[in-house]
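Undergrad: Mapping of the sequence shown onto this note's numbering: residues 2 to 146, in sequence order.
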Amino acid sequence: MGFYLNGWRYLEAAPADIPGVWQWGTERRDVNSTTNGIGNGKRNTQIIVELLKEARETMKATQVADAYEYNGFSDWFLPSKDELNQMYINLKVGGLGGFQSGSYWSSSENTSFGLNPPFCQKFSNGEQSQAHKDTSLLVRPIRQF
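(1) Output needed for Thr59: all residues of its chain with C-beta closer than 8 Å, excluding positions within five of it in sequence on either side, in chain order.
(2) Just verifying my parser: in three-state terms, what is the DSSP assignment at Arg10?
(3) Opposite Phe120 in the DSSP bridges: which residues?
(4) According to DSSP, is Asn126 helix, strand or coil?
(5) For Gly42, does the count of other Cβ atoms within 10 angstroms reach 16, so buried, or fall short, so exposed?
(6) Who are the near neighbours of Gly38 in its chain, counting only those whose CB is closer than 7 Å to its CB and skipping five residues on each side?
(7) So, with DSSP's three-state summary, where would you put Arg141?
(8) With DSSP collapsed to three states, give me the class of Tyr69.
(9) Cutting at 6 Å between CB atoms, please list the residues of its own chain near Met88, excluding the five before and the five after it.
(10) Pull up the distance between the alpha-carbon of Ser130 and that of Leu85, whole angstroms please.
(11) Go ahead and pull the three-state DSSP assignment for Glu58.
(12) Taking Cβ positions, are Ala66 and Trp77 nearer each other than 7 Å?
(13) Using the three-state DSSP reduction, which class does Gln87 fall into: helix, strand or coil?
(14) Less than 7 Å between the C-beta atoms of Ile49 and Val32, yes or no?
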């Protein structure tokens, strides 16, 4: 994905999912400051990780994405809603990346809908929707470079 913003031009998806399925967080924790656009996943992840740390929650989707290390890089994060969609369009549709057909978490909340459910995306058909934060879904980290 080619784009130039704040010192980076490309987004790279991790070569595989983080094994298992992961909850986003708890229903009673709203972040209220995540955004959907390309280039926002890293900031979203940082905000969510800090909130979860303060709440003493562990092993959530953003935390495992943030802690991911591969090929000497440790700057991975959970993609925003729009970054996740670009992964679907540019990788999954093209038969690249070895994605599963299940749903993947984004780091973006839907702040216009009730309890601010996070966005997720089904990689079987590309449908974006929301899920309860205590639902366990797939995680594929990305990084900027």
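A virtual CB, placed ideally from N, CA and C, is assigned to each residue, including glycine.
TA: According to the structure shown:
(1) The count along the sequence shown starts at 1 and reaches residue 59 at position 58. Leu53.
(2) Taking the sequence shown and counting its residues from 1, the one referred to as residue 10 is at position 9. Strand at Arg10.
(3) For the purposes of this step, residue 120 is taken as residue 119 along the sequence shown, with counting starting at 1. For Phe120, which the question treats as bridged, DSSP gives the partners Gln131.
(4) Taking the first residue of the sequence shown as position 1, residue 126 is located at position 125. Correct three-state label for Asn126: coil.
(5) Taking the sequence shown and counting its residues from 1, one reaches residue 42 at position 41. Gly42 comes out buried.
(6) Taking the sequence shown and counting its residues from 1, one reaches residue 38 at position 37. Correct list, in chain order: Ser81 and Asp83.
(7) For the purposes of this step, residue 141 is taken as residue 140 along the sequence shown, with counting starting at 1. Coil at Arg141, not helix or strand.
(8) As a first step, residue 69 must be located in the sequence shown, where it is residue number 68. In this structure, DSSP gives Tyr69 a state outside helix and strand, which the three-state scheme calls coil.
(9) Taking the sequence shown and counting its residues from 1, the one referred to as residue 88 is at position 87. Counting only Cβ-Cβ distances below 6 Å, and skipping sequence neighbours, we find Ala14.
(10) Looking up residue 130 in the sequence shown gives position 129. Looking up residue 85 in the sequence shown gives position 84. Approximately 12 Å, taken between the alpha carbons.
(11) Sequence index remark: in the sequence shown, residue 58 carries index 57 (1-based). Reduced to three states, the DSSP call for Glu58 is coil.
(12) Here residue 66 refers to the residue found at position 65 when the sequence shown is read from its first residue. Here residue 77 refers to the residue found at position 76 when the sequence shown is read from its first residue. Result yes, Cβ atoms of Ala66 and Trp77 sit closer than 7 Å.
(13) One-based indexing of the sequence shown puts residue 87 at position 86. If DSSP states are grouped into helix, strand and coil, Gln87 belongs with the helices.
(14) Residue 49 sits at position 48 when you count from the first residue of the sequence shown. Residue 32 sits at position 31 when you count from the first residue of the sequence shown. Against a cut-off of 7 Å, the Cβ pair of Val32 and Ile49 comes out as a contact.
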